[in-house]
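Those sequence lines, one after another, are chains A and B.
Taking the working numbering as reference, the numbering of the first sequence is continuous, increasing by one, and the terminal residue is 393.
Taking the working numbering as reference, the numbering of the second sequence is continuous, increasing by one, and the terminal residue is 1907.
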Amino acid sequence: MLLDIRHETTLQYASPVNYSIQQLRLTPREDSTQRPLNWRVQAPGSARRSVDAHGNIGHLLTLDRPHSELSIVVSGTVRLTDADAWMPRDSGTLSPLSYLAGTRLTEADEQAHAMAASHLRARRDTVGELLDLSGAVCGAVRHQPDCLPPGGASTALDAGFGCSADIAHAFIACCRAAGLPARYVSGYLIDAAGEWAAPHAWVDVWLASGPAPGGEAGWVSVDVLERALAGHGYCRLAVGRDHLDACPVRMAGGEAVTRTLTRVSIHTH
Amino acid sequence: MANPSSIYDEMNGADGTVRAHYAGYQKWLAETPPERIAQKRAEADLVFHRVGITFAVYGEEEGKERLIPFDVVPRIIPAQEWKQLAAGLRQRVKALNMFLHDVYHDQEIIKAGKIPAEQVLSNSQYRPEMQGVDVPGGIYAHIAGVDVVRAGAGEFYVLEDNLRVPSGVSYMLEDRRMMMRLFPELFSRYRVAPVEHYPDMLLSNLRAVAPAGVLDPTVIVLTPGAYNSAYFEHAFLAQQMGVELVEGQDLFVRDEHLYMRTTQGPQRVDVIYRRIDDDFLDPLAFRADSMLGVPGLLQVYRAGHVTLANAIGTGVADDKSIYPYVPEMIRFYLGEEPLLNNVPTYMCRKKEDLAYVLAHLDELVVKETHGAGGYGMLIGPRASKEEIERFRQLLTETPERYIAQPTLSLSACPTFVDAGIAPRHIDLRPFVLSGKDINMVPGGLTRVALREGSLVVNSSQGGGTKDTWVLEI
Chain A
125 MLLDIRHETT LQYASPVNYS IQQLRLTPRE DSTQRPLNWR VQAPGSARRS
175 VDAHGNIGHL LTLDRPHSEL SIVVSGTVRL TDADAWMPRD SGTLSPLSYL
225 AGTRLTEADE QAHAMAASHL RARRDTVGEL LDLSGAVCGA VRHQPDCLPP
275 GGASTALDAG FGCSADIAHA FIACCRAAGL PARYVSGYLI DAAGEWAAPH
325 AWVDVWLASG PAPGGEAGWV SVDVLERALA GHGYCRLAVG RDHLDACPVR
375 MAGGEAVTRT LTRVSIHTH
Chain B
1435 MANPSSIYDE MNGADGTVRA HYAGYQKWLA ETPPERIAQK RAEADLVFHR
1485 VGITFAVYGE EEGKERLIPF DVVPRIIPAQ EWKQLAAGLR QRVKALNMFL
1535 HDVYHDQEII KAGKIPAEQV LSNSQYRPEM QGVDVPGGIY AHIAGVDVVR
1585 AGAGEFYVLE DNLRVPSGVS YMLEDRRMMM RLFPELFSRY RVAPVEHYPD
1635 MLLSNLRAVA PAGVLDPTVI VLTPGAYNSA YFEHAFLAQQ MGVELVEGQD
1685 LFVRDEHLYM RTTQGPQRVD VIYRRIDDDF LDPLAFRADS MLGVPGLLQV
1735 YRAGHVTLAN AIGTGVADDK SIYPYVPEMI RFYLGEEPLL NNVPTYMCRK
1785 KEDLAYVLAH LDELVVKETH GAGGYGMLIG PRASKEEIER FRQLLTETPE
1835 RYIAQPTLSL SACPTFVDAG IAPRHIDLRP FVLSGKDINM VPGGLTRVAL
1885 REGSLVVNSS QGGGTKDTWV LEI
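Printed below as a string of structure tokens:
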């Protein structure tokens, strides 16, 4: 499937600033499931492209003249492969083991350890176990749209509700507690009719025996919120240890942004 | 626990005679009226207060600053002994830098099965951001503060390799300045190797690791600010090197280069001697709430447009869980036998080691693998029953967070205390600089545990300092 994506972000500042800087991860990754074509970033100032250690394509935007609003338009075409898209393979330089260490947002608390112990114990049909764990995480953390920035796994587990990013964080914390490398994925979820796309977060889990028992080791992509494998209809922007590594637009904590508007439009052909 | 009579005394031999290299000092001490020394000690206190060499103690009342006590009895190291020690330090730091390069590139030492992959790659100090990044000269730990102690019959052991932002070198320099001012006559009796050129050595070392193609690099010192416990040292080193002392807010990134705001407009920065931890360096890459770093710095660094000293991610080599493997690194990368001893270490993540540690808690020192500064450790022989039980629980819950070592009988050096002169335990932190070559000034910072019998020399735990004399002949 060929998919045209146009992602507009508008940042509004409380008062004019002389300088701003953002890290964008708005260009789809290149892996076995997808291939970006003709990608471009339109924004004032300078946009420097780079590929990070996770294999994400990023742009560092800097603007050093007074402004009170910033508009970023990223657009292009991506070719999505439908076959086995829930088993992404990439030529990353990082060992899956580097997705085992906890981060502040994915620290496993007692609840995460307990959930990991009760849902990932059997290790017989592991894909089934991951879906089972998805159900348990969604049961423990009620989904609440638009609660960015994410507070992290234990905050969400304590509160009993959280955004999709924190549901992913809670799931990652459980996987890592059970010794399974897990990484955060940010991207778009595309509806079945191919009419709309929404920013979304899901998780890749590294299974030593592979997606099918006795198979080769690899990543399995799980949409925790949907309690399903993330196969058809997902476009992958970036991966990382947590939301901060992979979020589409990252700003420094001190940025006085009062409003962020995001609009994603797509066209399939 | 060490039998007091078995403690190695730096000045006095076991048979009661004075060691040859202390004979001159001993004689001077006998000739000098005690009132004169008392007066000099008071003078030292006064001067240190005036220049403001203080440090903040974490966990104490906010904003409370304390003077690090200075002891006027020098720690003297004979030339031959230093020569051996220096060779061992060179070897060790060279291997540690090769390890860091390897970890962030081909990971040969892991492939060879010398260190378990998980130990390295799942370590919270391993920085994926550094994977595949080339740094000038392959140097990661430009400044290493290696903590060395003398134990048993006088042999040296490395306690830890501090490869992140080791501090204390300003005390080494100030202690020497003070000794020369108070007792100039001693320096005519002894040929003491100079240390005053450390800032010059540091600056030329930093210039040598500038990004390729930069002929006249701009070097800066990056400090977290005046509230940091080592701020005095940051300001001191910047001033001694003649470079700018800046905070994160003085810097910005434009077009993948780093600039410093100056009254003459933006100026390119090439080399940063940073005294900020990895976590706080770049809020766009690490802790998002950091107000101390520079947003975008990581990408400038990865692009090779600025050098950070030390590099990002050096913590994976000085982590206490990696420490036991340093001798193996020396054999693997250099094909040599280690010249300096490692302290035997029990890794509590291993079942059999944990069992031993739990059964011998009252004899061992237990440390957090990621801890520093003497916080969160258990010294078995000195601990109360409650402390031991608390650590037993911690070890049972999260064994992977701890290592344990036998209590070493640290050597002692005569030190002025209320009752006169008495032996107190000491360690040594030499500062090893790596750039084009490996350099160090002879000696380092000698820390002394001022409380009788105490083995904790950290300044944050009531330790003091001494001038360290390496003899030239």
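Here a beta-carbon is modelled for each residue, glycine too, at the ideal position from N, C-alpha and C.
Non-local C-beta neighbours of B/ALA1883 in its own chain, meaning closer than 7 angstroms and more than five positions away in sequence, comprise ARG1858, HIS1859, LEU1889, VAL1890, VAL1891, GLY1897, ordered along the chain. Listed in chain order, the non-local C-beta contacts of B/MET1532 below 6 angstroms within the same chain comprise TYR1767, local neighbours out to five positions each way being set aside.
The shortest C-alpha to C-alpha distance from B/CYS1782 to any of B/TYR1836, B/HIS1794, B/LEU1812 is the one to B/TYR1836.
The Cβ-Cβ distance between B/ILE1764 and B/ALA1529 falls below 7 angstroms.
For A/ARG360, the closest Cβ of chain B is not nearer than 7 angstroms.
For A/ASP176 and B/ILE1855, the gap between their C-alpha atoms comes out near 59 angstroms. Spanning the alpha carbons of B/ALA1627 and B/VAL1567 requires a straight line of approximately 39 angstroms. Put simply, of B/PRO1508, B/VAL1582, B/ARG1610 the residue whose alpha carbon is nearest the alpha carbon of B/LEU1519 is B/VAL1582.
Within chain B, PHE1686, ARG1688 have C-beta atoms less than 8 angstroms from the C-beta of A/ASP188, given in sequence order.
Put simply, the backbone Cα of B/ILE1577 is about 59 angstroms away from that of A/ALA317.
Cα atoms of A/ALA283 and B/VAL1687: separation of roughly 38 angstroms, rounded to the nearest angstrom. Contact note: A/GLN147 reaches chain B through LEU1718, using a C-beta cutoff of 7 angstroms and chain order. B/VAL1891: not part of any alpha helix (DSSP H); DSSP gives it neither H nor E. The DSSP assignment places 1603–1616, 1618–1623, 1632–1642, 1665–1675 as complete runs of the alpha helix (DSSP H) inside the segment 1599–1675 of chain B, in order along the chain (cut-off: 4 residues). Pairing A/HIS324 with B/LYS1785, the inter-Cα distance amounts to about 42 angstroms. Residues of chain A with a Cβ closer than 8 angstroms to the Cβ of B/TYR1560 are, in chain order, SER222, ALA225. Taking each of B/ASP1716, B/HIS1739, B/ALA1737, B/ARG1736 in turn and checking the Cα distance to B/GLY1730, the smallest one comes out for B/ASP1716.
By DSSP's assignment, B/ALA1856 forms a beta bridge with B/THR1849. If you compare the alpha carbons of B/SER1663, B/VAL1653, B/ALA1454, B/LEU1685 with that of B/ALA1672, the shortest gap goes to B/VAL1653.
In the three-state DSSP reduction, B/LEU1463 falls in the helix class (H, G or I). Under the three-state reduction of DSSP, A/ASP369 is assigned to helix.
For B/TRP1516, no beta strand (DSSP E) run applies; the uninterrupted alpha helix (DSSP H) run containing it begins and ends at 1513–1537, by DSSP. At a cut-off of 7 angstroms between beta carbons, A/LEU185 makes no contact with chain B. One finds GLN147, ARG172, SER174, GLY182, LEU184 in chain A with Cβ atoms closer than 8 angstroms to the Cβ of B/GLN1733, taken in chain order.
Three or more beta-carbon pairs separated by less than 8 angstroms are not found between the segment 261–273 of chain A and the segment 181–193 of chain A, which leaves the two stretches without contact. By the Cβ rule, the segment 1550–1557 of chain B counts as touching the segment 220–232 of chain A, because three or more pairs are nearer than 8 angstroms. Cβ atoms of B/ASN1744 and B/TYR1574 come within 8 angstroms of each other, at about 6 angstroms. Among the residues of chain A, those whose CB is under 7 angstroms from the CB of B/LEU1555 are SER219, LEU221, SER222, following chain order. Out of B/ASN1639, B/SER1663, B/ARG1625, B/PRO1651, the CA that lies nearest to the CA of B/SER1601 is found in B/SER1663. Three or more Cβ pairs closer than 8 angstroms define a contact, and the segment 152–172 of chain A falls short of that threshold against the segment 226–234 of chain A. If you look at A/CYS359, you'll find it in the beta strand (DSSP E) that goes 358–364. In its chain, beyond the 5 residues on either side, TRP326, ALA354 have a beta carbon closer than 6 angstroms to the beta carbon of A/ASP347. In this structure B/SER1604 is buried. Its beta-carbon is surrounded by 16 or more other beta-carbon atoms within 10 angstroms. Against B/GLY1730, the close residues of chain A are ILE145, GLN147, LEU184, THR186, in the order they occur along the chain (beta-carbon pairs closer than 8 angstroms). Within the segment 202–252 of chain A, the complete alpha helix (DSSP H) runs of at least 4 residues fall at 234–243.
The three-state secondary structure of A/VAL165, taken from DSSP, is strand.
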